[in-house]
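Notes for the one structure printed next.
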Amino acid sequence: MVTRGFTGRGPGGDRSDRIPPGQHLVENFPVLTAGPTPNVEPSDWKFTVKIGPKPVKVWNWSEFNALPKTKVTRDIHCVTSWSKLDTAWEGVLVEDILADAGLDRPTDFVLAHCYDNYSTNIPLADLLSGKAMVALNYAGKPLPRDHGGPARLLVPHLYFWKSAKWVNALQFTTRDEAGFWELRGYHIYGDPWREQRYTND
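If you want it as structure tokens, here you go:
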């Protein structure tokens, strides 16, 4: 794992009900990746929705940015034990992506794929009803490359490894297929409030 910008614990003593068990508050935004940061230009970026191996729809950057945009402010929680409160994002809700592709609920499970060959699995129910988006902006500015720009998945109610950086596809699957970290011992679901960090948690 590559870690940059991690400066340790934030202000001590914060035990509010917004901080899950085993987490500590940070004011900065740590950068963690599973490998080198890819350089993906918006002009080269494409996003695909697939059912199994079959592409259903592909958007380029301008087409994707023409979809309805939503702003959200959410707390985020990393499996490495930091939490950051009130993070501000703007992007396209997953249900708006599926609506533009003419899809409802092809299957109950999704694999998110990324430009660095990373993947992570999420139940479809955890991506709908305003719970998740493909984020394009953070704190009012285009998403920085180190934080997944030009686009990343945002699933803030799960540990942040589920919010896949440099996302380029959502693939519907018939079963809950483990992704990159899930195959390496991380929990298949990753609920921070139940401390589902590792396989047997």
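Taking our numbering, the leading residue of the sequence shown gets 371, the next gets one more, and so forth. All C-beta atoms in this analysis are idealised placements derived from N, C-alpha and C, irrespective of residue type, glycine included. Bear in mind the structure is a predicted one, so any value in this text is a computation, not a measurement.
Could you say if the stretch 450-457 and the stretch 485-500 meet the contact criterion of at least three C-beta pairs nearer than 8 Å? no
Proline 425 - partner residues in DSSP beta bridges: Here residue 425 corresponds to residue number 55 of the sequence shown, with the count starting at 1. Answer by DSSP bridge pairing, in chain order: Lys420.
Please classify glutamate 554: does DSSP put it in a helix, a strand, or coil? Here residue 554 corresponds to residue number 184 of the sequence shown, with the count starting at 1. First, the residue type needs correcting, since residue 554 is arginine and not glutamate in the sequence shown. Of the three classes helix, strand and coil, the one that applies to arginine 554 here is helix, per DSSP.
Which residues in the same chain as methionine 371 place their Cβ atom closer than 8 Å to its Cβ, once the five residues preceding and following it in sequence are excluded? Residue numbering aside, residue 371 sits at position 1 when the sequence shown is read from its first letter. Low per-residue confidence applies at methionine 371: pLDDT is 37, beneath 50, and the placement is therefore not dependable enough to give any value.
Local conformation of arginine 475 per DSSP, three classes: For the purposes of this step, residue 475 is identified with residue 105 of the sequence shown, where counting begins at 1. Here arginine 475 sits in coil by DSSP.
Could you tell me which of Phe542, Asp486, Ala502 sits nearest to arginine 515, measuring between CA atoms? As a first step, residue 515 is located in the sequence shown; it is residue number 145 there, counting from the start. That would be Asp486, whose Cα lies nearest to the Cα of arginine 515.
Suppose you measure from the CA of threonine 543 to the CA of leucine 473; what does that come to, to the nearest Å? Residue numbering aside, residue 543 sits at position 173 when the sequence shown is read from its first letter. Residue numbering aside, residue 473 sits at position 103 when the sequence shown is read from its first letter. For threonine 543 and leucine 473, the distance between alpha carbons rounds to 14 Å.
Count the other C-beta atoms from every protein chain shown that fall within 10 angstroms of the C-beta of lysine 424, then say buried if there are 16 or more, exposed otherwise. As a first step, residue 424 must be located in the sequence shown, where it is residue number 54. So lysine 424 counts as exposed.
Applying the criterion that 16 or more other CB atoms from any shown protein chain within 10 Å of the CB defines a buried residue, is tyrosine 568 buried or exposed? The sequence position of residue 568 within the sequence shown is 198, counting from 1. Under this definition tyrosine 568 is an exposed residue.
Return the chain-ordered list of same chain residues with a C-beta closer than 8 Å to the C-beta of lysine 427, the five sequence neighbours on each side being excluded. Mapped onto the sequence shown, residue 427 falls at position 57. Same-chain partners within the cutoff: Thr418, Val419, Asp470, Ala471, Gly472.
Go through its chain and collect everything with a Cβ distance to proline 390's Cβ below 8 Å, but skip five positions before and after it. As a first step, residue 390 is located in the sequence shown; it is residue number 20 there, counting from the start. Only His447, Ser453, Pro562, Trp563, Glu565 meet the Cβ criterion.
Using only the alpha-carbon positions, how far apart do phenylalanine 479 and glycine 392 sit? Working through the sequence shown from its first residue, we reach residue 479 at position 109. Working through the sequence shown from its first residue, we reach residue 392 at position 22. Straight-line Cα distance between these residues: approximately 28 Å.
To the nearest angstrom, how far is the alpha carbon of tyrosine 488 from that of phenylalanine 550? The residue you call residue 488 lines up with position 118 of the sequence shown. The residue you call residue 550 lines up with position 180 of the sequence shown. About 6 Å.
Starting from the Cα of glutamate 433, find the closest Cα among Trp415, Lys501, Asn409 and give me that residue. On the sequence shown, position 63 is the one that residue 433 refers to. Per the Cα distances, Trp415.
Identified DSSP bridge partners for histidine 572: Residue 572 cannot be examined here, being either before or after the span of the chain that is shown, 371 to 571.
When we look at the beta-carbon of serine 533 and count the other beta-carbons within 10 Å, is it buried (16 or more) or exposed? Within the sequence shown, numbered from 1, the residue matching residue 533 stands at position 163. Label assigned to serine 533: buried.
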